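Shown next, in C-alpha cells, is the structure this report addresses.
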Amino acid sequence: MSETVHRLLEGMPSNAQQWRVLETDFGCGLSFLQTWAAWQELPQRPRILHFVALLDVPPTQAQLQQSMAGNSAPQALSQQLSAQWWGLLPGVHRLSFAQGQVLLTLYIGDTQNLLRRQPPLAADSISLSNADDGCWTNDALKNLARHCRRGTLLTAPASLLAPALSKLGFKQQAMSGTGLMAHYDPAWEPRHRSDGLPLPVQTPGRCLVLGAGLAGAAAASSLARRGWQVTVLDAAEQPAAGASGLPAGLFCPHVSPDDSLISRLSRNGVRTTLQNLQQLSSQQKLQPGLDWAQDGVLEHDLNQPAHLPLQWLASSDTQSIWGLHWSLPATAEQLQAAHLPMGSHALWHAQAGWVRPAQLVKALLNQAGIQWQGQTQVARLRRSSGQARLWQALDEQGLALAEAEMLVLALGPATAPLLAASGLEAGQWELQAIRGQVSVAEHDAQTQAAMPPFPVNGHGNLVPDFPDSRGARQWVMGSTFERDVTELPPSAADQQSAHASNGEKLADLLPACRRALDGFFEQPDLPPTWARLRCAAYDRIPVTGPVGADAGADTSGLWVLTGLGSRGLTLSLLCAEVMAAQLHGEPLPLDARLAQALGSARLYARASKQSASR
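Just so we're aligned, residue 1 is where the sequence shown starts under the UniProt record's numbering, counting upward by one.
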C-alpha cells in the first residue's frame, strides 16, 4: 500500500457510516484501487466508501489497462474498474462497485469549475498529489477547502508551502521528505451547505416508502444500502401493480445536437440502471436474457431524425472517443437486420436494452433492510406530536398504519392528491396523469422470424422478443400518451383506438415488422390492451427532493420521488441515488446543475406563479 493511502486510512474510524476521499490527481486509478483494497480488508469498515477524483482528460481504456498491468494494482479490482471505463464525457460520472458500497465519482474536464459548483463534499481525506504543476493557486486551494469538514486530513507534496494552507484553516501535523500532512481546523466555523436542502442526516433510521413501483423500489434500495430500515407500503396485492408492471420496456440514452439537459440526465440514468442490473444479476436476483438484456437499441424516426452532437463526430475532438461509446450512426448491417432501407436516418445506442420492470422492482425490494407491505391504502399523512415527531401513514378512519422518522412519496399520479388530503401546500404541484396503452402478444414462428435482433425506438418503441412469466416469447409495442386520461380499464373503443395507434407507429418505425404482424393488428376482435397510468411534471423532468416547509407545518423528513413519465427504467435509479446523496450530504452522482433541475423546489415556484396570476 502506498504511503498516501496509508495516511488516508489512518484516521478512518471503525464505526463510521461513510468514508469520503478526494483525490486531486486520479492518474490511472492506482490510489483508488489501493484504497478500495484496503477498505475491503477492514474488519469493521464504513458502510459506504466514497472516492471522488479529478481528471482533466481521462485516459483511454487501453491506456488505463496498460498502466494497471504495469503497477501493483489488485488485478480483480482493476478488471472491474476497466469494465466501467467507458462514455466518460466532460462532467460528473458515478461508477459503482461492491454492490453499491464503493462509489467512485469522477469530475472530468474543467475540474476547478466542477469543484466550485458541486455541493461541499465534507471530505474525510484529501490527497493533493499534483501540486507541483502550479495549478493549485490560492484561489484553487480556497476552492478545495470548501470541500473540507473540521478534521479533514490533507496529504500534500512538500513543495506546497505550509503557510498557504495555514491561512485557509489547515494545521500541520507532520512533515517528511516527500510531503506534509495537515488537518482542517479553522479558527472560524466552516460554512454549512448552501443548496437550500435540510441539514444532512448523520445516522440512518426508519423510513416509510409509499408506492411499490420503480420509483418506490429504487428509493427503498438506495436507502437500505445506506443502513435505513425501510417499510414499503402499497395498496395493491403485489409490487409493480401500476405502470411499472409494463410487460417489457427500454432503458436508452436520449440524444440531441445541443446535448440538452434530458440528454445528459439520460446518460447518467442509463449508467446507474446498468450498474444495478449487473449487480442484481451477480446476486442472482435477476437473470440476464430472461429479465433484462443489453442488446443495444436502434433509434429510427423518419419525421424527426435524431442528430448527435457535432463534437462526437469530429475525429480530432477527444469527446468523440467517449461520445461514440454511447451513440453513433447505425451501420448498414444494423439497418439490414431491422429490414430498413439503406440510408435510413437511424442511430445505434450501445449502452441500452430492455427490462421486465416488475422483475426489477421485485429484485430491488428483495434486499436486507426492506420490508414490503401490500393491500395498505393510505388516506393521508400526519406528523405525530411529542419529541419523536414521526411521520404517520393513516387509513380512512385516521388510524396509523405505520410510522417512521422519514417518509418518501413515490405514488405517481396519486402523489399530489395525497399531499392535498394531508393539508400540505405541495398538493398544488402540477403533476399530470398520463394513460399509456401497449399492444402485446405471443409470437408464432413467422412473427418471431420477422423481428429484428434488438429493440427499436423512435415514435414509439418495440421490444421484439422477450419471455413472459411462463417462458412464452412475446413482443410489445407502444405506448400511447393520453394526457389527463385516468379511466382504467379503458373502454373497448379506447382500446381499439390504442391498438390502431400502436400499429401506425410500428408501420413508420419498422414497416416489415408491421406487415408480419398483420395477423394481430388486422383481426376483427383485438385482445384487450395493457393499460396503466404514468405521471409527469409540467416540464417532463422527474421530481426528487424534500417537500418544503409549509406555513405552520413541519415537513422535515418528507421527501418525494415521482414524475418519471415514460423514462422510469432510465431515470428512476438515478433519481433515488440523487435523493439519498442529498439526504446524507454525500457527493452527488451527477452534475449539480442536473440535480437542481430534478429538484422539488421548481414545483413550488410554478404553483406560486400560477396562484399569483389568478
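Even glycine gets a Cβ: it sits at the ideal position worked out from N, Cα and C.
Computed from a predicted model, the values in this text were never measured in an experiment.
Local Cβ density within 10 Å of residue i, reported as buried at 16 or more and exposed below that
i           : result
Trp391      : buried
Ala363      : buried
Asp185      : exposed
Thr24       : buried
Ala472      : exposed
Gln582      : buried
Leu488      : exposed
Ala449      : exposed
Trp188      : exposed
Val270      : buried
residue 621 : In the structure displayed, the chain extends from 1 to 614; residue 621 sits before or after that span and is not available.
Arg483      : exposed
Arg226      : buried
Ala69       : exposed
Contact under 7 Å by Cβ, residue i with residue j
i      : j      : result
Leu103 : His93  : no
Trp348 : Leu603 : no
Gly179 : Ala145 : no
Gln18  : Pro43  : no
Leu573 : Thr273 : yes
Leu121 : Leu409 : no
Ala346 : Ala330 : yes
Ala379 : Leu394 : yes
Arg20  : Asp124 : yes
Leu590 : Thr544 : no
Arg435 : Val485 : yes
Euclidean distance between Cα positions of residue i and residue j
i      : j      : result
Glu425 : Cys535 : 19 Å
Leu128 : Leu153 : 11 Å
Gly423 : Asp465 : 47 Å
Leu561 : Ala215 : 6 Å
Leu564 : Ala236 : 20 Å
Ile48  : Ser31  : 17 Å
Leu261 : Leu594 : 7 Å
Asn138 : Gln61  : 34 Å
Cys252 : Ser78  : 27 Å
Gln112 : Thr480 : 45 Å
Trp86  : Gln294 : 15 Å
Met1   : Cys28  : Reliability fails at Met1, whose pLDDT of 44 lies under 50, so the model's placement of it is uncertain and no value is given.
Gln351 : Asn457 : 14 Å
Pro204 : Phe26  : 31 Å
Trp326 : Leu298 : 12 Å
Thr447 : Leu517 : 6 Å
Gln377 : Leu401 : 9 Å
N- and C-terminal bounds of the alpha helix (DSSP H) containing residue i
i      : result
Gln371 : Where Gln371 is concerned, there is no enclosing alpha helix (DSSP H), although the beta strand (DSSP E) it sits in stretches over Ile370 to Gln373.
Ile321 : Gln319 to Trp326
Thr203 : Looking at the DSSP string, Thr203 is not in any alpha helix (DSSP H), and its letter there is neither H nor E.
Phe32  : Leu30 to Glu41
Ser221 : Leu214 to Arg225
Gln446 : Ala445 to Ala449
Pro417 : Thr415 to Ala421
Asn113 : Thr111 to Arg117
Val560 : No alpha helix (DSSP H) holds Val560; the beta strand (DSSP E) holding it covers Leu558 to Thr562.
Ser67  : Gln61 to Ala69
Glu405 : From DSSP, Glu405 is part of no alpha helix (DSSP H); its letter is neither H nor E.
Beta-carbon proximity list for residue i, same chain, < 8 Å, skipping 5 on both sides
i      : result
Leu365 : Ala212, Ala217, Ala220, Ser221, Val232, Pro239 and Trp372
Arg150 : Tyr184, Asp185, Pro186 and Pro190
Close Cβ partners of residue i (< 6 Å) along its chain, the five nearest in sequence each way excluded
i      : result
Ala416 : Gly427, Trp429 and Leu431
Phe521 : Gly503
Ser385 : none
Thr529 : Gln437, Gln495 and Ala498
Ala174 : Met181
Ser67  : Cys28
Val463 : Ala248, Trp354, Pro455 and Val476
Leu588 : Ala581 and Ala595
Asp195 : Pro119
Boundaries (first-last residue) of the beta strand (DSSP E) holding residue i
i      : result
Trp530 : Trp530 to Ala537
Thr155 : Cys148 to Pro157
Gln18  : Gln18 to Glu23
Val456 : Val456 to Gly458
Ser125 : Ala123 to Ser127
Gly436 : Leu431 to Glu442
Val92  : Gly91 to Phe97
Asn48  : Reading off the sequence shown, one finds Ile at residue 48, where the question assumed Asn. Counting along the chain, the beta strand (DSSP E) containing Ile48 begins and ends at Ile48 to Leu55.
Beta-carbon contacts of residue i that lie in its chain and below 7 Å, excluding the five residues immediately before and after
i           : result
residue 616 : This structure does not reach residue 616, given that the chain is present from 1 up to 614, and the question cannot be answered.
Arg606      : Glu430 and Tyr538
Leu290      : Pro467
Leu197      : Pro546 and Gln582
Ala156      : Leu128, Ala131, Gly179 and Leu180
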